[in-house]
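Data first, discussion second: the structure below is written as structure tokens.
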Amino acid sequence: MRVRSTVGPFVGTALLALAWSSPTSAQSTPAAAQTPVARLSLASAVSLALAHNHQLVATRLNVDIAKADEVTAALKPNPVLTSTNENFAVFSPSQLTADNIANNQNFVESVGYLFERGGKREKRTLVAQDTTRVAGHTARDAERQLAFQTAQAFINVLLAKSTLELAQQDLQDFSSVVDVNQQRVAAGDLAEADFYKISLQKLQFEQDVSNAEIALVQAKSTLRLNVGLDAVAEDFDVEGNLAHTKYSVTVDDLTRDALATRPDFLAAQQSTKLAEDTHALDISNRALDVTGEVEYDRAGPLNALGFGISIPLPIHDRNQGNIAHSQIAIRQASEQEAQARATVMTDVGSAYAAYQINEKILGMFESGYLDQARQSLDISNYVYQQGNGNLLDLLDAERTSRATELAFRQALAAYMTSVEQINFVVGKQVMQ
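If you use the numbering used here, the sequence shown corresponds to residues 1 to 432, in order.
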């Protein structure tokens with residue numbers, strides 16, 4: 001009797017929670033030395049991938065860079081100290097007397113300060129803060145993509161592992177058929193030519209096992225590359241099974257959630273605000289800054305205070321180019337936001353359609369086709385063992401059963417991937 005465990009609990013609740021609730025900062029850089037993991041769950045695979053992916057860490061550092069730029073943007077101008085000292089008779093040593101210095105040398109010490117007008121510093125700081133928010137959304141979107149890629153790779157390992165178990169079980173079952181028929185040949189109940197046909201068919205099952213072993217090695221290599229070569233042992237194994245868990249969602253709810261949480265769409269929205277605030281800053285930069293100066297003058301015996309002011313004359317440069325540039329940038333950002341919105345809605349619609357189709361395919365298998373293929377093989381095998389069946393019917397039943405079982409596992413993997421894709425396109429864990 002064949003025993004196949006294909007439906008079991010699949011734990012993925014921590015997938016996007018780990019991905020999108022983690023702080024997008026350089027502080028999340030992993031420790032230098034860690035013991036390689038021998039067994040991986042989906043949640044731990046995603047967690048390790050988010051901690052060890054170098055490109056993701058580099059993207060997160062953009063947030064820290066933007067925060068440093070906020071500090072620069074908020075700084076006030078430094079005051080300027082100027083010291084001017086004149087009329088030292090260094091080329092006439094005979095005149096370098098105390099009386100000459102007291103009555104003929106000029107000393108001017110002044111302090112100047114630039115007064116920014118038009119709210120430049122406040123608007124400059126706001127632009128820097130907008131840039132930080134865009135960098136944060138971009139980093140979270142990179143986390144979202146890496147989490148989905150890791151989930152895909154993990155499901156592929158589950159599929160490869162299940163396929164190998166199926167191939168090994170098929171080979172074991174068919175080997176028992178070969179053994180029984182070898183005894184029938186020895187007893188004279190089966191022609192030797194028919195036995196050779198059965199024996200040669202065993203080669204196909206052995207090839208299936210070899211191909212499944214190669215596929216498992218390749219799938220695990222891909223997952224290990226995603227998670228981090230140093231974080232996972234070479235001979236690691238995964239936890240979990242291919243499973244069919246039903247969910248109740250609507251495309252309208254998914255679209256609403258996606259527009260509220262998708263980090264790439266939020267980045268596009270924030271980019272529009274960044275463009276608007278940049279335009280406001282460019283208008284502020286048109287305002288004339290004033291440099292005020294206070295000075296102390298000593299000219300011989302005279303001691304005095306002086307005051308000065310410096311104002312640029314806006315005859316030519318009134319920041320026209322930057323203002324026009326930022327106006328166009330607002331339109332550009334608005335178009336990109338509209339495109340991002342359309343992309344979100346299209347992604348949700350496509351992912352939901354794929355989810356429904358994969359669920360329908362699984363329903364067909366579970367409605368009876370899978371059991372029929374198993375029962376057909378059992379009946380053909382029993383009839384043939386009793387000497388009443390046809391060899392071609394037995395081999396055909398074997399091929400049909402093997403193909404049906406493999407297709408069922410592939411359908412399970414496709415369904416689980418479509419579930420993770422729903423979470424991916426929405427931007428949060430809506431199916432868990």
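The beta-carbon is built from N, C-alpha and C at its ideal position, and this holds for glycine as well.
Remember, predicted model here, so these are calculated numbers, not experimental data.
Outcome for residue i when other beta-carbon atoms lying within 10 angstroms are tallied against a minimum of 16
i    : result
Q269 : buried
N181 : buried
T346 : exposed
M364 : exposed
K220 : buried
L229 : exposed
R399 : exposed
T131 : buried
S418 : buried
N303 : exposed
D170 : buried
Q339 : exposed
Q429 : buried
I155 : buried
K360 : exposed
P79  : exposed
P314 : exposed
G240 : buried
S92  : exposed
V71  : exposed
S367 : exposed
E405 : buried
D208 : buried
Q27  : With a pLDDT of 44 at Q27, under the threshold of 50, the predicted position of this residue should be treated as unreliable, though the coordinate-derived value follows. Exposed, since its Cβ has fewer than 16 Cβ neighbours within 10 Å.
A33  : The pLDDT assigned to A33 is 48, lower than 50, so where the model puts this residue is not dependable; a value taken from the coordinates is nonetheless given after this. So A33 counts as exposed.
H52  : buried
T24  : Confidence in T24 is poor, its pLDDT being 46 and thus under 50, which makes the residue's placement too unreliable to answer from.
S21  : Its pLDDT being 43, under 50, S21 is placed unreliably in this model, and the value from its coordinates should be taken loosely. When all chains shown are included, S21 counts as exposed.
A193 : exposed
Within 8 Å, strictly: CB atoms of residue i and residue j
i    : j    : result
R117 : V290 : yes
V344 : F265 : yes
L48  : V227 : yes
R60  : A167 : no
R369 : I422 : This sequence places Tyr at residue 369; Arg is not what is there. Contact: no.
L40  : F236 : yes
N319 : R341 : no
Q144 : G349 : The sequence given here has Arg at residue 144, not Gln. Their beta carbons are not under 8 Å apart, which means R144 does not touch G349 by this criterion.
L200 : L50  : no
L225 : S162 : no
V232 : P77  : no
S376 : A403 : no
V249 : M416 : no
V127 : L274 : yes
T125 : A66  : no
V425 : A258 : yes
S380 : D371 : no
I283 : I311 : no
E295 : V63  : no
V178 : K197 : no
From the options, residue whose alpha carbon lies closest to that of residue i
i    : options                   : result
T305 : D235, N381 and V111       : Reading off the sequence shown, one finds Leu at residue 305, where the question assumed Thr. Ranking D235, N381 and V111 by Cα distance to L305 puts V111 first.
V451 : A142, K428 and R286       : The chain is shown only over 1 to 432; residue 451 falls outside these bounds and no answer can be derived.
A414 : A45, N103, L159 and L225  : L159
H244 : S44, N53, V37 and E420    : E420
I309 : L75, H316 and E293        : E293
D378 : S367, L395, L362 and E366 : L395
N103 : F307, E366 and P301       : P301
L164 : Y196, N211, D179 and E192 : N211
Q356 : A193, K246, F205 and N62  : K246
Q218 : E206, E234, A354 and V80  : E234
A223 : R184, S44 and A373        : Looking at the sequence itself, residue 223 is Leu, so the reference to Ala does not match. Checked all of R184, S44 and A373; the closest Cα to L223 is S44.
N106 : D317, R374, S401 and R298 : R298
S401 : F205, V46 and R262        : F205
T272 : K202, S326 and H54        : S326
Distance cut-off 7 Å: residue i Cβ against heavy atoms of the ligand MN
i    : result
E366 : The ligand content of the structure shown is nil, which means the ligand MN is not present either.
- Segments of 3+ residues assigned as beta strand (DSSP E) that fall wholly inside the stretch 386–422: Runs found: none.
- Would you check if there are 3 or more beta carbon pairs closer than 8 Å linking the stretch 150–163 to the stretch 329–341? Output reads no: the stretch 329–341 does not touch the stretch 150–163.
- Decide if the stretch 124–137 is in contact with the stretch 398–415; the criterion is three or more beta carbon pairs, one per stretch, under 8 Å apart. When Cβ pairs closer than 8 Å are counted between the two stretches, the stretch 124–137 is seen not to touch the stretch 398–415, the count staying below three.
- Item | Residue ranges of each alpha helix (DSSP H) within the stretch 120–192, 4 or longer | Whole alpha helix (DSSP H) segments, 4+ residues: 120–187.
- Is there contact between the stretch 75–86 and the stretch 167–176, where contact requires at least three CB pairs shorter than 8 Å? They do not touch, by the three-pair rule.
- Query: If you pair each beta-carbon of the stretch 252–267 with each one of the stretch 187–204, do three or more pairs fall below 8 Å?
  - Reply: The stretch 252–267 makes no contact with the stretch 187–204; the number of CB pairs closer than 8 Å stays below 3.
- Task: Decide if the stretch 320–331 is in contact with the stretch 273–280; the criterion is three or more beta carbon pairs, one per stretch, under 8 Å apart.
- Result: Enough Cβ pairs lie closer than 8 Å, so yes.
- Task: Entirely within the stretch 312–381 and at least 4 residues each: give me those alpha helix (DSSP H) ranges in chain order.
- Result: Segments of the alpha helix (DSSP H) lying fully in the stretch 312–381: 320–364.
- Which residue spans inside the stretch 45–100 form an unbroken beta strand (DSSP E) run of at least 3? Runs of the beta strand (DSSP E) lying entirely within the stretch 45–100 and spanning at least 3 residues, in chain order: 80–86.
- Item | Whole runs of the beta strand (DSSP E) within the stretch 272–305, excluding any shorter than 3 residues | 290–299, all fully within the stretch 272–305.
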